[in-house]
Amino acid sequence: MTTSMTIAQAATATGLSVHTLRYYERIGLLDAIERRDNSHRRYTQEDLNWIAFLQKLKATGLPVRAMLRYAELRRLGNTMESVTERKAILQAHTLCVQHTLAELHSNLQVLQHKIALYDELEQQACTPLVGSPLPAVTASVN
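Under numbering that gives the first Met the number 0, the first residue of the sequence shown carries the number 0, and numbering increases by one thereafter.
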């Protein structure tokens, strides 16, 4: 028997709100969630795995429209068309993520360079020559 969890338990497990889980189901990111006789949703591990994947797509900046298209293709099963288009979506998104990472890395290098300049200024301030002003650092520090 497959274990399942309530929407509150699924919210806790995924870090999403109950409202967000209902919203994802309503707009089609999630397939219709199985319900018990009392109409309460019951989430399976497969549902949680899919939600975790959606969270990765969202965290890496994939637009909801593309996530919806991916979910629609997933529902079609592993047909050649579905697999090919899902792969293409992920490949294009991977390129975007790589570009973002490169920009972040470049920005990080600038920050690290600034910190090194401030380290140099602090070092110079700790060992000034008697009666002389602080030496100028060769690079501008903003």
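We put the beta carbon where it would ideally sit given N, CA and C, even for glycine.
Fill in: DSSP-derived helix/strand/coil call for ARG34
strand
Fill in: Euclidean distance between Cα positions of LYS57 and VAL109
27 Å
Worksheet item: Using 8 Å as the threshold, is the segment 73-83 in touch with the segment 104-123, meaning 3 or more CB pairs across them?
Response: no
Worksheet item: If you draw a straight line from the alpha carbon of LEU100 to that of LEU89, how long is it in whole angstroms?
Response: 16 Å
Worksheet item: Cβ of LEU75 within 8 Å of Cβ of ILE26?
Response: no
Item to complete: Give the range of the alpha helix (DSSP H) segment to which TYR22 is assigned.
Response: 17-26
Worksheet entry | For HIS104 and THR19, the rounded distance between their alpha carbons | 32 Å
Worksheet item: the ligand NAP heavy atoms versus the CB of ILE114: any closer than 7 Å?
Response: The ligand NAP is not part of this structure, which contains no ligands at all.
Discussion item. Assuming the contact rule is C-beta atoms closer than 8 Å, ARG41 and GLU33 should be a hit. Round their C-beta distance to whole Å, please.
Written reply: 5 Å
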